[in-house]
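K.L.:
Numbering (the UniProt record's numbering), first residue to last: 1 to 526. Glycine included, each C-beta is placed from N, C-alpha and C at the ideal position.
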Amino acid sequence: MEGLTDPLEARRGKLRALRALGVQPYPHGFRRTHLAAEVLEGFAGLEERVTAALAGRIRSLRPMGKVVFAHIEDPSGRIQLYLRADEMGEESFRVASLLDLGDLIGATGVPFRTRTGEISIRVEGLSVLAKALRPLPAVKEREGVVYDAFRDREARYRRRYLDLILNPEVREVFARRAAAIRVLRRELDARGFLEVETPVLQAVYGGASARPFRTHHHALDMPLYLRIAEELPLKKLLVGGLERVYELGRVFRNEGLDRHHNPEFTLLEFYWAYADYREAMSLVEDLVRQTALEVRGALQIPSPEGTDEVVDLAPPFERRSLADLVREQAGIDVLAASDGALDEACRRLGGGLPAGAPRGKRIEKLFDLSVAPRLRRPTFVTDYPMSISPLAKGHRERPDDLVERFELFILGQEYANAFSELNDPEEQRRRFAEQQRWREAGDEEAQPLDEDFLEALEHGMPPAAGVGIGVDRLVMLLTGCAAIRDVLLFPHLRPSDESDRDRTGAEPEECPGAPASPAPSREERR
RNA sequence: GCGCCAGUAGCUCAAUCGGCAGAGCAACUGACUCUUAAUCAGUAGGUUCGGGGUUCGAUUCCCUGCUGGCGCACCA
C-alpha cells in the first residue's frame, strides 16, 4: 500500500487487505441493540455492565498507536468509540487500522466515561458493515464551529446523500417536510376526505394554465402528456359519488426554473361536494394553522427571505377582492376600465402583454405587478376574472365576468388556488371553446378541451369547492427555506458533464415512433 | 430567455502588475495505549470547468461554450 496517495486507490487497497484478513466488508446485516442517543441518555442509569451493539458511519477517526478513537454517527446522533489493541486482540485491531472516515461499521462494547468525561464505548467487537471506497469531504467541528463545511450548493444538490450526511440541518428540513405532509393528510382524512391516485400520464392534459411535458407511448404509438394538475380526474370522482376526495401528488409544468419553481412539484388538491369557495377558505386556514403548529410549534413564522419580517398564520386570514386590491394599489377599477386603459396601466407598471391576450390576463398582470408583492400577511384574494378561470363557477353576484375563486397569498407568494367548481356542462363547454380561441391566438397555456371530462359533467357533478395547495411552498415557509431546491431532495439540475456521460451510458436505444427531435412542431403541440 | 457574479487538489480556500500553481483539512509513510479540529516528522497529490485567441509567457487579459448562484421576465 506504500505510496498510494490516491484516496480511491488507498481505500481499494484497504478493502483488499480486509478481505485478505477474512473480513467480509459488505455483510448481510448487523444486530443493533442501541442507538447512540440511547446509550448517551441511558448511561447514568446503567448500574452494571451492559453491552451495546451500535452501527453507524465513521465521522471522525483518531488513531494513536495501539489505541483508536472514533465517532460513529447513526440517526440519533454521534458516540465515541474507544478501541484498544490489548483488549480487542491483534487480529481485530488490524481491522481497526484499515478503517476510514465514512465507513459504515458496527461496534459492540460497554459504555464508559473517558478521562475527559465523554461517554464512549469500549469496543470489544468490531464489524465492517460497508467499506466506503470514496472519501467523505472532511468536515470538522469544535465547540459548535464547523470547519471546512460542505457548502457548495451545486455539489450538495447533485450529491444530496453527502449533503444529508454532512449537514444535519438538511435532515431536519426533510423531517419537517414529512411532518407537514402527514398533518395535511391526517386533517383531510379526519374530515372524511378519501385519498386517491389519478393518472400522471394523460392523453389530454388540463386543469391549469401551463405548458405540459410531452412524452410518447411506444406500444400505443401515441403522444401522452405528464399532468399539469390533478383537477379533472378528481372532479370525475365527484361525479362518481366520492364526495370528498384529495390527491397529494406530483405535477409537471414545462416552465423555467428559479427559486420558487421546479419542473415537477407536489400539489395537494381536494374537492368537497356541496361546499363553496367560502367554506374552502376556512378549511385552508385550518390546514395552514395546523401544519404550522405541528411543524413549527408556533403560528408566528420568520420570513424565509432573511428579512426581519415575521408572518402570523393565526386565522382568520384577511379576505379581499382582487378588484378592491388593484383599485387601492394601482388606482384602476378593473371591472369598469376599458381594455385600452388596462393595457396602458400594465405598460406604466412595466409589464408588456401580447396584443391578443384576454382581458383577464391584463387584470391578473396588473394584480401581479401592483398588489401581489405587497400581500405580506396571509390574505385570501377573491373573485377573479372569468376569462382566466375556465373551470370556476360564475360569481353569484356578478356572473358575467367574475368567478368564485380565491388565491392565498403570504409574503407576496401564492400558496393556494381554489374555486367554486363549475358544474354546468354547457357552460363548461363554452368556456373550453373560449380557451380554444385564445390557444389559436397563440396562448400556449390555454386549456385544451377535454371531451371526456365534459361527458362526465353531463352526468351531473355536485356543486363543490376545489382547492390546490402548493406543498413545496408551504414547506419552504415552515422550514425557513428561501429556495424550492432546498425542500426537494433531488431538485432538477441541468446535467453536468459528468452525469451527462453516465446518462449516455444508460440511455435506451432509439425506439421507432419516438419523436426524433424533442421539439414538437406547432401542430403536434396542439 | 436576459443581466450580473462564480468555477483552482477529495473538501474549504489563496495566488501581487500577466512571470516556477500554494495553504489547511483529507490521503500516504513513520512515531504515539484517554484522544476529540488529536499531536509530531516526512511524502505525494493539479486538464486552474471545456474550446479558441492575444502574448516570449495566461489561474490572471479577450472571445466562446458548459454548469451553478443571484436578480429580472414567465409561472405555482
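Given this structure, state the Cα-to-Cα distance separating residue 213 from residue 426, to the nearest angstrom.
P.N.:
Computed Cα separation, rounded: 29 Å.
K.L.:
Does residue 395 pass the burial test, meaning 16 or more other C-beta atoms within 10 Å, or should it be called exposed?
P.N.:
Buried is the call here.
K.L.:
Assign residue 71 to buried or exposed, taking buried as 16 or more other Cβ atoms, counted over all protein chains shown, within 10 Å of its Cβ.
P.N.:
Buried.
K.L.:
Out of 183, 241, 254 and 219, state which residue places its alpha-carbon closest to the alpha-carbon of residue 208.
P.N.:
Among 183, 241, 254 and 219, the Cα nearest to that of residue 208 is on 254.
K.L.:
If I'm right that residue 474 touches residue 384 with Cβ under 8 Å, what's the distance once you round it to whole angstroms?
P.N.:
About 21 Å separates the two Cβ atoms, so there is no contact after all.
K.L.:
Rounded to whole angstroms, what is the Cα-Cα separation between residue 189 and residue 444?
P.N.:
Residue 189 and residue 444: Cα-Cα distance of roughly 37 Å.
K.L.:
Cutting at 8 Å between CB atoms, please list the residues of its own chain near residue 454, excluding the five before and the five after it.
P.N.:
For residue 454, where only same-chain residues beyond five positions count, the Cβ hits under 8 Å are 425, 428, 429 and 432.
K.L.:
Are the beta-carbon atoms belonging to residue 304 and residue 480 less than 8 Å from one another?
P.N.:
Yes, Cβ-Cβ distance for residue 304 and residue 480 is below 8 Å.
K.L.:
Determine the burial state of residue 64: buried for a count of at least 16 other Cβ atoms within 10 Å of its Cβ, exposed for fewer.
P.N.:
Exposed, because fewer than 16 other Cβ atoms sit within 10 Å of the Cβ of residue 64.
K.L.:
What runs of the alpha helix (DSSP H), each 4 residues or longer, lie entirely inside the segment 141-191?
P.N.:
List check, alpha helix (DSSP H) in window: 153-158, 160-166 and 168-190.
K.L.:
Using the rule of at least 16 other Cβ atoms within 10 Å of the residue's Cβ for burial, across every protein chain shown, is residue 49 buried or exposed?
P.N.:
Exposed, because fewer than 16 other Cβ atoms sit within 10 Å of the Cβ of residue 49.
K.L.:
Compare the beta carbon distance of residue 366 and residue 330 with 8 Å and say whether it is the shorter of the two.
P.N.:
Yes. Within cutoff.
K.L.:
Using the C-alpha atoms, what's the distance from residue 162 back to residue 495?
P.N.:
Each residue's alpha carbon lies about 18 Å from the other.
K.L.:
Helix, strand or coil: which one does DSSP assign to residue 18?
P.N.:
Correct three-state label for residue 18: helix.
K.L.:
In its own chain, which residues sit with a C-beta less than 6 Å from the C-beta of residue 5, not counting the 5 before and 5 after it?
P.N.:
Cβ neighbours of residue 5 beyond the five flanking positions: none.
K.L.:
Would you mind reading off the limits of the beta strand (DSSP E) that contains residue 405?
P.N.:
Looking at the DSSP string, the run of the beta strand (DSSP E) that includes residue 405 is 402-410.
K.L.:
Quick one: what's residue 417 bridged to in DSSP?
P.N.:
DSSP output for residue 417 lists 407 and 468 as bridge partner(s).
K.L.:
Any contact of the segment 322-340 with the segment 296-310, i.e. 3+ C-beta pairs under 8 Å?
P.N.:
No: fewer than three Cβ pairs fall under 8 Å.
K.L.:
For residue 71, write down the residues that DSSP places opposite it in a beta bridge.
P.N.:
Answer is 60 and 80, bridged to residue 71.
K.L.:
Less than 8 Å separating the beta-carbons of residue 527 and residue 419?
P.N.:
In this structure the chain extends from 1 to 526, so residue 527 is not present and cannot be described.
K.L.:
From residue 529 to residue 458, what distance separates their C-alpha atoms?
P.N.:
Summary: the structure shown does not reach residue 529, with the chain confined to residues 1 through 526, and so no result is reported for it.
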